[in-house]
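With our numbering as the guide, the letters of the sequence shown map in order to residues 1 to 325.
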Amino acid sequence: MQQTIINRRQQLKQRSQFLQQLRAFFYARDVLEVDTPMLSQGATPDLHLRSLSSELQIPGQANKQNYFWHTSPEYPMKRLLCEGSGDIFYLGKVFRDGDISPRHQIEFTMLEWYRLGFSLPQLIDEVCELVNSVLPEQRQIQKLSYQQAFQQFAGIADIFQASAQECIDCLNRHNVPEIVGVDKDDKVLWEQLILTEVIEPQLGQCEITVIHDFPARDAALAKIDDANPWIAKRFEVFVDAMELANGYNELADADSYRQRFEESLAHRLEYGLPQVPLDENLLSTLKAKPLPECSGVALGVDRLLMLSLGVKDIAQVVCFSTEAC
Numbered sequence: 001m002q003q004t005i006i007n008r009r010q011q012l013k014q015r016s017q018f019l020q021q022l023r024a025f026f027y028a029r030d031v032l033e034v035d036t037p038m039l040s041q042g043a044t045p046d047l048h049l050r051s052l053s054s055e056l057q058i059p060g061q062a063n064k065q066n067y068f069w070h071t072s073p074e075y076p077m078k079r080l081l082c083e084g085s086g087d088i089f090y091l092g093k094v095f096r097d098g099d100i101s102p103r104h105q106i107e108f109t110m111l112e113w114y115r116l117g118f119s120l121p122q123l124i125d126e127v128c129e130l131v132n133s134v135l136p137e138q139r140q141i142q143k144l145s146y147q148q149a150f151q152q153f154a155g156i157a158d159i160f161q162a163s164a165q166e167c168i169d170c171l172n173r174h175n176v177p178e179i180v181g182v183d184k185d186d187k188v189l190w191e192q193l194i195l196t197e198v199i200e201p202q203l204g205q206c207e208i209t210v211i212h213d214f215p216a217r218d219a220a221l222a223k224i225d226d227a228n229p230w231i232a233k234r235f236e237v238f239v240d241a242m243e244l245a246n247g248y249n250e251l252a253d254a255d256s257y258r259q260r261f262e263e264s265l266a267h268r269l270e271y272g273l274p275q276v277p278l279d280e281n282l283l284s285t286l287k288a289k290p291l292p293e294c295s296g297v298a299l300g301v302d303r304l305l306m307l308s309l310g311v312k313d314i315a316q317v318v319c320f321s322t323e324a325c
């Protein structure tokens, strides 16, 4: 029993010191910590995210109101940026329903930050500096475009021009088990399967791998490259085959936000997913006070702590896993 108590305290101390280290990184760069609301009247319409919700009894209103637990602090942080906050970061809890595994918890800790006037390469360099500052050993940085990643790790010379059949052939060459129920002509989905099943397991081995220049269809809220309308100004960071961070050169135009949100709602409808209310507070703020030129990124803190400590299960680095709550 005594040994268990000592080990538990050591685990808590390691996490506490780790969070202090992350905060110190931003304090040293004069980036302001902000504490945004976890509940919102709007939810993310992203096809791949599932928002948790709660019914609140608001004083003065007869009926209970549905509020959503944030999947990211992105929307309120962007409102703060519009209102003149300057460079900011958030370090705290977020919630995403529907996935528990050695790398996922429904409730987890996210680090998200925004840098005014930063280009995407500048933000990539800062993310890599942060990651290297907490890893047991310094790693070299590998930067590849989305297309280069398919060339190097999947043997597809030009993924933007490749056919669905070429993608299927690639999966067969790499002995990926047969996927049933996928339209043989759904090139986008076969391409995504190559990314997750063939490429990502090879990323970040002995280095920090950054994949940038994603297809425009995967832009989310990133800007589209002026010189190449096929490309989104977006990047992802991988260490030991695990995605750590996802960043953008941030979209600023309010009308474009609404258009992309509505496109996401249409995709949700197509896949039989529930519709969700948009964050009208964000949209109205963007319309009244445009978002300043900036780049932003979200990073999984629990995953980074796993890498720092050399453990394989996210449940080992949180106080209590979802199953234990």
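Even for Gly, the Cβ is constructed at its ideal location relative to N, Cα and C.
_Excluding the 5 residues flanking Ala344 on each side, which residues of the same chain have their C-beta closer than 6 Å to its C-beta?_
With the chain running from 1 to 325 in the structure shown, residue 344 is simply not present.
*Please work out which residues of its chain come closer than 7 Å, Cβ to Cβ, to Pro37, disregarding the five sequence neighbours upstream and downstream, and give them in chain order.*
By one-based count along the sequence shown, residue 37 stands at place 37. Taken in chain order, the residues that qualify are Pro76.
*Kindly indicate which three-state DSSP category Pro229 falls into: helix, strand or coil?*
Counting from 1 along the sequence shown, the entry for residue 229 is found at position 229. Coil.
*In whole angstroms, what is the alpha-carbon distance linking Cys170 and Leu193?*
Working through the sequence shown from its first residue, we reach residue 170 at position 170. Working through the sequence shown from its first residue, we reach residue 193 at position 193. Near 10 Å, if we compare the C-alpha coordinates of Leu193 and Cys170.
*What residue from Ala164, Glu197 and Ile124 has the CA that sits closest to Arg234's CA?*
On the sequence shown, residue 234 is found 234 positions in, with the first residue counted as 1. For the residues Ala164, Glu197 and Ile124, the minimum Cα distance to Arg234 belongs to Ile124.
*Alpha carbon of Gly204 to alpha carbon of Phe95, nearest angstrom*: Indexing the sequence shown from 1 puts residue 204 at position 204. Indexing the sequence shown from 1 puts residue 95 at position 95. C-alpha separation (whole angstroms): 26 Å.
*Reduced DSSP category for Tyr75 - H, G, I as helix; E, B as strand; rest coil*: Looking up residue 75 in the sequence shown gives position 75. Helix.
*Residue range of the beta strand (DSSP E) that Glu243 falls in?*
Here residue 243 is taken as the residue at index 243 of the sequence shown, counted from 1. Note, Glu243: beta strand (DSSP E), Met242 to Asn249.
*Just confirm the distance between the C-beta atoms of Ala154 and Ile211, as a whole number of angstroms; I'd bet it's less than 8 Å.*
By one-based count along the sequence shown, residue 154 stands at place 154. By one-based count along the sequence shown, residue 211 stands at place 211. Between Ile211 and Ala154 the Cβ distance is about 12 Å, and since that is not below 8 Å, they are no contact.
*Should Leu56 go down as buried or exposed, given a rule of 16 or more other Cβ atoms within 10 Å for buried?*
The residue labelled residue 56 in the question sits at position 56 within the sequence shown. Exposed, because fewer than 16 other Cβ atoms sit within 10 Å of the Cβ of Leu56.
_Can you check which of these residues, Leu49, Arg115 and Ile168, is closest to Asp99 by C-alpha distance?_
Looking up residue 99 in the sequence shown gives position 99. Cα-wise, what sits closest to Asp99 is Leu49.
*Roughly how far, in whole angstroms, is the beta-carbon of Leu305 from the beta-carbon of Phe18, given that I think they are within contact range, below 8 Å?*
In the sequence shown, the residue the question calls residue 305 occupies position 305. In the sequence shown, the residue the question calls residue 18 occupies position 18. Sure, about 5 Å apart at Cβ, within 8 Å.
*Reduced DSSP category for Ala44 - H, G, I as helix; E, B as strand; rest coil*: In the sequence shown, residue 44 corresponds to position 44, counting from 1. Going by the sequence as given, residue 44 is Thr instead of Ala. Three-state result, Thr44: coil.
_Quick check on DSSP: helix, strand or coil for Leu120?_
As a first step, residue 120 must be located in the sequence shown, where it is residue number 120. Helix at Leu120.
*Exposed or buried, which one is Ala62 when buried takes at least 16 other CB atoms within 10 Å?*
For the purposes of this step, residue 62 is taken as residue 62 along the sequence shown, with counting starting at 1. Flag for Ala62 reads exposed.
_In the DSSP output, what is Ile208 paired with across the bridge?_
For the purposes of this step, residue 208 is taken as the residue at position 208 of the sequence shown. Beta-bridge pairing links Ile208 to Ile141.
*Assigned secondary structure, His174 (DSSP; H/G/I helix, E/B strand, else coil)*: Counting from 1 along the sequence shown, the entry for residue 174 is found at position 174. Reduced to three states, the DSSP call for His174 is coil.
_As a quick exercise: from Pro59, Ala43 and Gln105, pick the residue whose alpha carbon is nearest that of Phe320._
For the purposes of this step, residue 320 is taken as residue 320 along the sequence shown, with counting starting at 1. When each option's Cα is compared against that of Phe320, the closest is Gln105.
*Following the continuous beta strand (DSSP E) through Gln57, name the residue where it begins and the one where it ends.*
Here the question's residue 57 lines up with position 57 in the sequence shown. No beta strand (DSSP E) holds Gln57; DSSP gives it neither H nor E.
*Could you spell out where the beta strand (DSSP E) holding Ser295 opens and where it closes?*
To locate residue 295, count along the sequence shown from 1; it is residue 295. Note, Ser295: beta strand (DSSP E), Cys294 to Gly300.
*DSSP on Ala154, reduced to helix/strand/coil?*
By one-based count along the sequence shown, residue 154 stands at place 154. Residue state, collapsed to three classes: helix.
*Mind checking which residues open and close the beta strand (DSSP E) that includes Val188?*
Taking the sequence shown and counting its residues from 1, one reaches residue 188 at position 188. That residue, Val188, is in no beta strand (DSSP E); its alpha helix (DSSP H) goes Lys187 to Ile194.
*Look at Cys82 and Leu221 and say whether their C-beta atoms are less than 7 Å apart.*
For the purposes of this step, residue 82 is taken as residue 82 along the sequence shown, with counting starting at 1. For the purposes of this step, residue 221 is taken as residue 221 along the sequence shown, with counting starting at 1. For Cys82 and Leu221, no; Cβs fall outside 7 Å.
*Cβ neighbours of Leu52 in the same chain (closer than 6 Å, five flanking residues each side left out)*: Counted from its first residue, the sequence shown places residue 52 at position 52. Cβ neighbours of Leu52 beyond the five flanking positions: Trp69, Phe95 and Asp97.
*asked:* For Gly84, count the other beta carbons within 10 Å of its own beta carbon; 16 or more makes it buried, fewer makes it exposed. Which is it?
replied: Indexing the sequence shown from 1 puts residue 84 at position 84. Exposed.
_In whole angstroms, give me the CA-to-CA distance for Arg9 and Ala315._
Stepping through the sequence shown from its first residue, residue 9 is reached at position 9. Stepping through the sequence shown from its first residue, residue 315 is reached at position 315. The alpha-carbon atoms of Arg9 and Ala315 are separated by roughly 15 Å.
*Give the DSSP-derived three-state secondary structure of Tyr271 in the structure shown.*
Here residue 271 is taken as the residue at index 271 of the sequence shown, counted from 1. Three-state result, Tyr271: coil.
*Can you list, in chain order, the stretches of the alpha helix (DSSP H) that have 4 or more residues and sit fully within the region 11-35?*
none
*Could you work out which residue in Phe89, Glu263 and Asp225 is closest to Ala216 when comparing CA atoms only?*
The count along the sequence shown starts at 1 and reaches residue 216 at position 216. Looking at the Cα atoms, Asp225 is the closest of the given residues.
*Burial state of Tyr257 (16 or more Cβ within 10 Å)*: Within the sequence shown, residue 257 is the residue found at index 257, counting from 1. Buried.
*Could you tell me whether the Cβ atoms of Asn249 and Ser284 are closer together than 7 Å?*
Position 249 of the sequence shown, counted from the first residue, corresponds to residue 249. Position 284 of the sequence shown, counted from the first residue, corresponds to residue 284. No.
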